[in-house]
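Okay, structure first, notes after.
Number of protein chains: 2
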Amino acid sequence: MKKILTTLLFSVICIASFAQIPGNDFGYDEYNSRRRDLFKKLPPITRQDIVFLGNSITDGCEWNELFGNSHIKNRGISGDHAEWMIDRLEGICKGQPKKLFLMIGINDLGAHVSADSTAMFVIRVLDSLQSGTPRTKIYLQSILPNNDSIRRKSAFLMPEIIEVNKQIKKAAEERGITYIDLYSVMVIPGTMELNPLYTYDGLHMNGTGYDVWRDAMMKYVK
Amino acid sequence: MKKILTTLLFSVICIASFAQIPGNDFGYDEYNSRRRDLFKKLPPITRQDIVFLGNSITDGCEWNELFGNSHIKNRGISGDHAEWMIDRLEGICKGQPKKLFLMIGINDLGAHVSADSTAMFVIRVLDSLQSGTPRTKIYLQSILPNNDSIRRKSAFLMPEIIEVNKQIKKAAEERGITYIDLYSVMVIPGTMELNPLYTYDGLHMNGTGYDVWRDAMMKYVK
Numbered sequence: 042m043k044k045i046l047t048t049l050l051f052s053v054i055c056i057a058s059f060a061q062i063p064g065n066d067f068g069y070d071e072y073n074s075r076r077r078d079l080f081k082k083l084p085p086i087t088r089q090d091i092v093f094l095g096n097s098i099t100d101g102c103e104w105n106e107l108f109g110n111s112h113i114k115n116r117g118i119s120g121d122h123a124e125w126m127i128d129r130l131e132g133i134c135k136g137q138p139k140k141l142f143l144m145i146g147i148n149d150l151g152a153h154v155s156a157d158s159t160a161m162f163v164i165r166v167l168d169s170l171q172s173g174t175p176r177t178k179i180y181l182q183s184i185l186p187n188n189d190s191i192r193r194k195s196a197f198l199m200p201e202i203i204e205v206n207k208q209i210k211k212a213a214e215e216r217g218i219t220y221i222d223l224y225s226v227m228v229i230p231g232t233m234e235l236n237p238l239y240t241y242d243g244l245h246m247n248g249t250g251y252d253v254w255r256d257a258m259m260k261y262v263k
Numbered sequence: 042m043k044k045i046l047t048t049l050l051f052s053v054i055c056i057a058s059f060a061q062i063p064g065n066d067f068g069y070d071e072y073n074s075r076r077r078d079l080f081k082k083l084p085p086i087t088r089q090d091i092v093f094l095g096n097s098i099t100d101g102c103e104w105n106e107l108f109g110n111s112h113i114k115n116r117g118i119s120g121d122h123a124e125w126m127i128d129r130l131e132g133i134c135k136g137q138p139k140k141l142f143l144m145i146g147i148n149d150l151g152a153h154v155s156a157d158s159t160a161m162f163v164i165r166v167l168d169s170l171q172s173g174t175p176r177t178k179i180y181l182q183s184i185l186p187n188n189d190s191i192r193r194k195s196a197f198l199m200p201e202i203i204e205v206n207k208q209i210k211k212a213a214e215e216r217g218i219t220y221i222d223l224y225s226v227m228v229i230p231g232t233m234e235l236n237p238l239y240t241y242d243g244l245h246m247n248g249t250g251y252d253v254w255r256d257a258m259m260k261y262v263k
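So the sequences go chain by chain: V and W. Mapping of the first sequence onto my numbering: position 202 corresponds to residue 243, and the numbering continues sequentially without gaps. Mapping of the second sequence onto my numbering: position 134 corresponds to residue 175, and the numbering continues sequentially without gaps.
This is the structure in structure tokens:
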């Protein structure tokens, strides 16, 4: 009888816990909730750290290994939007990291958010970071090009990417934030297409893509 | 004219490169190809390293941060199968890491591979690791339970998970490999269900799940 009561109580606790899945009210998905939750459980970010903040393109790399620097912390979340990012900055700002590299916005555009609104969301993230952790040296990376011949139906994104980059570059410069133009590094010269040497799916980096990224970024990271 | 020729030549190189997307002949997906490719570009694994090898449950964590150990390297690939893992062990074996923690098999079962075959694939990975890097201390982690009340249609997996764990535990013990029973840590006692305190989707760990994982593993990792 005692065992049955214990099991019943345990089940009620479990169901109550399950009912509180975070994220569902905010638009972001289960994976986003899971990563946010993990970040809260990890040891806090410190003043020695270098944070890589972004979506799947950030999430998919082992940055500390790529740059040979154990102070680098990956705060990428696959599928993340600039619009959603604003309410996950607190834990980062609290730690006042030494440097922060931001790349965000392609998933907003992919969800048919306008270039103007996407740029506004990115700039809102920049402003929150600057006010929340003023000692941190912030680097804004451009959104990368897509490749429509690989990733079908991404053609509509290409002029939008250029427009967002134009607006966020201007905002970064006005705020004294270093803007890193990875778009020009990754694009086929004279086109709006991501160089297929650097990707398998027209959106994310393959190993060669991350190699080129590292070479372009090394002077800022070290 | 020279510019047109250069652009043409560049395009031919790009198309030729794109034609060689790895992975498509082997059954695994683009993300798997991309992560394998990244792993080849990262600095090699060394004898001081601790490798976490697995699928999305491994991929989704920042293990070096969770355990506060910069020698930990994440070699998880979301969606990976035990069947596919065999041909990505070479880079790991070459480095002869100090320790290796393996968890794999749930995606084979999810793809309706039998428990016997899944166990066979896991054991094949163990044997390849033991022969490829005999100095490495290998730890085999059990497959974790699922939760069908959250992850609908996973009920069919539950007895299969228990059967695979039974077989791989026996194989590990026969080979002198430490078997770590995380299944019992994560399950609701007296059921086959993953404790919903540790998951949002019935399959992957949330922050609390990784916390519990760390506590159970700390004595083996440090």
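C-beta: ideal position from N, C-alpha, C; glycine also.
- Under the Cβ criterion of 7 angstroms, serine 74/W is counted among the residues facing chain V.
- The C-alpha of phenylalanine 162/V lies about 9 angstroms from the C-alpha of methionine 126/V.
- In the DSSP annotation of this structure, tyrosine 241/V is not part of any beta strand (DSSP E), being labelled neither H nor E.
- Interface annotation for the region 243-257 of chain W against chain V: His245, Asn247, Gly248, Tyr251 and Asp252, criterion Cβ-Cβ distance under 7 angstroms.
- With a threshold of 7 angstroms between beta carbons, aspartate 121/W makes no contact with chain V.
- Here DSSP, grouped into helix, strand and coil, assigns tyrosine 220/W to strand.
- In the three-state reduction of the DSSP assignment, phenylalanine 108/W falls in the coil class.
- If you ignore the 5 residues before and after threonine 87/W, its C-beta comes within less than 7 angstroms of the C-beta of Gly136, all in its own chain and listed in chain order.
- One finds Glu103 and Glu106 in chain V with Cβ atoms closer than 9 angstroms to the Cβ of asparagine 115/W, taken in chain order.
- Glycine 109/V reaches chain W at Pro84, counting residues in chain order whose Cβ is nearer than 9 angstroms.
- Per the C-alpha coordinates, the member of Arg165/V, Gly243/V, Leu238/V and Glu124/V positioned closest to aspartate 149/V is Glu124/V.
- Residue-level contact check: glutamate 131/W does not touch chain V, since none of the beta carbons of chain V fall below 7 angstroms from its beta carbon.
- The Cβ atoms of aspartate 252/V and lysine 82/W lie closer than 7 angstroms to each other.
- Arginine 165/V and glutamate 71/V have their C-alpha atoms spaced approximately 24 angstroms apart.
- Annotation for methionine 233/V: no beta strand (DSSP E) segment contains it, and DSSP assigns it neither H nor E.
- For isoleucine 98/W, the closest of Ser172/W, Asp242/W and Ile209/W by C-alpha to C-alpha distance is Asp242/W.
- CA-CA distance, glycine 146/V to valine 228/W, rounds to 39 angstroms.
- From the beta-carbon of lysine 263/W, no residue of chain V is found nearer than 8 angstroms; the closest lies around 15 angstroms away.
- Counting only runs of at least 4 residues, the region 105-188 of chain W fully encloses the following alpha helix (DSSP H) elements, listed from N- to C-terminal order: 123-126, 131-136, 147-151 and 156-173.
- In this structure, the alpha-carbon of aspartate 157/V lies about 7 angstroms from that of valine 205/V.
- Within the same chain, Cβ atoms closer than 6 angstroms to the Cβ of serine 195/W are found at Asn187 and Asp189, the five residues on either side in sequence being excluded.
- Look at glycine 250/V here: in three-state DSSP terms it is helix.
- Membership of leucine 79/V in the alpha helix (DSSP H) is indicated by the continuous run 71-82.
- The C-beta of lysine 114/V has 16 or more other C-beta atoms within 10 Å across all chains shown, which makes the residue buried.
- By DSSP's assignment, isoleucine 91/W forms a beta bridge with Ile113/W and Lys140/W.
- At least 7 angstroms separates the CB of aspartate 90/V from every CB of chain W.
- For threonine 177/W and phenylalanine 142/W, the gap between their C-alpha atoms comes out near 10 angstroms.
- Each residue's CA atom was taken as its position, placing tyrosine 261/W and arginine 129/W some 24 angstroms apart.
- Contact between alanine 212/V and leucine 167/V holds: CB atoms are separated by about 7 angstroms, below the 8 angstroms threshold.
- The alpha-carbon separation between glycine 173/V and valine 92/V amounts to approximately 14 angstroms.
- Think of a sphere of 7 angstroms around the beta carbon of aspartate 78/V: the chain W residues whose beta carbon falls inside it are Asn247 and Gly248, in chain order.
- Taking 7 angstroms as the cut-off, the beta carbon of tyrosine 220/W is found closer than this to the beta carbon of leucine 181/W.
- Residue contact with chain W for glutamate 71/V: present (Cβ-Cβ distance below 7 angstroms to some residue of chain W).
- Residues of the same chain with a CB within less than 6 angstroms of the CB of arginine 116/V, apart from the 5 flanking positions on each side, are Val92 and Leu94 in chain order.
- In terms of Cα proximity to glycine 68/W, the closest of Val226/W, His122/W, Ile118/W and Glu106/W is His122/W.
- Minimum Cα-Cα distance from isoleucine 203/V among the listed residues Leu223/V, Arg216/V and Glu214/V corresponds to Leu223/V.
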